[in-house]
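Residue numbers (our numbering): 3 to 321. One structure below.
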């Protein structure tokens, strides 16, 4: 790809549902290669923080929450990246009919691509036990007991999204029993299952996703972290019958609609005495999921929230 094109929606203020639908349309119908949201310039962030502006290192979560609360409710800018001018122009035409925003299309040279998207990734300190580091930052000195390097691939998850962060926080703070088998259901980049190896190296992990590209990205991240010789399988829907009958731990960081569609399966494959971590949930969706899964026999042990998102930690009573 010698060039790439960026469609920017300026001062766009969609509902969470409308934003999710537009992102799905951009990727599935118009072949978007990536999506980026930004609300503040560096100067605006410095203005909010004042004398507390940070020139490097880890920013405390309380400060990040303060910045986040400042931008809640205000319009944001969204960039959608495309590999062809036709895809970019077609998406622009679609947006002109669907959204209220100023829209711009820009052409960039490929050599700008890596610099453009890499500058938006930084290490993410989940807690003192675990940190997520972009794969190209090999000289970064982590402050956590364990770390994982992640390459974003085709946008399958780097830990920067609140739901992934919350799942990792639950993994590192709640799991207090040995894990022999783990299912990462809707695995994407594999970050959740690969992180599990850092704390439970003897576990056998099944990564399950509907997209073959996700499995490629997952294996790439396993290699980056020298985990490719660990015990794991990369599975697609056509071999779903190869999944184990039950697992000690199940992750499902996916859309609320899929969590409801797969509720019987996810409860069934969580072994008695095991744990189920659910996310991909907006705050208004949480009560419905809790009600449905507790009615199915699961016990809610902890709920975490960050921004507009939430994650739930369930256990199943021992047999």
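Beta carbons: idealized from backbone N, C-alpha and C, even for Gly.
- According to the DSSP assignment, residue 184 belongs to the beta strand (DSSP E) that extends over 183 to 187.
- Buried is the label assigned to residue 209, since at least 16 other Cβ atoms lie within 10 Å of its Cβ.
- For residue 37, the closest alpha carbon among the candidates 27, 17, 80, 14 is that of 80.
- Checking the DSSP bridge columns, you'll see residue 38 partnered with 81.
- Close CB contacts of residue 84 within its chain, under the 8 angstroms cut and outside five residues either way in sequence, are with 6, 7, 8, 9, 32, 33, 34, 35, 90, 93 (chain order).
- With 16 or more other CB atoms across the displayed protein chains lying within 10 angstroms of its CB, residue 149 is buried.
- Contact check between the segment 294 to 312 and the segment 186 to 201: fewer than three CB pairs, one atom from each, fall below 8 angstroms, which does not count as touching.
- In the three-state reduction of the DSSP assignment, residue 28 falls in the helix class, which pools H, G and I.
- When the alpha-carbon of residue 277 is set against those of 231, 183, 133, the nearest one is in 183.
- Annotated three-state conformation of residue 89 is helix, per DSSP.
- Taking a contact to require three or more Cβ pairs closer than 8 angstroms, the segment 199 to 214 and the segment 169 to 188 qualify as touching.
- DSSP, read as helix, strand or coil, puts residue 224 in helix.
- In the DSSP assignment, residue 129 is bridged to 132.
- With fewer than 16 other beta carbons inside 10 angstroms of its own, residue 263 counts as exposed.
- Sixteen is the threshold: since fewer than 16 other Cβ atoms of the shown chains lie within 10 Å of the Cβ of residue 242, the residue is exposed.
- The criterion of a C-beta distance shorter than 8 angstroms is satisfied by residue 146 and residue 127.
- In the three-state scheme derived from DSSP, where H, G and I count as helix and E and B as strand, residue 300 is classed as strand.
- Pairwise C-beta distances place the segment 13 to 29 in contact with the segment 94 to 105, as three or more of them are shorter than 8 angstroms.
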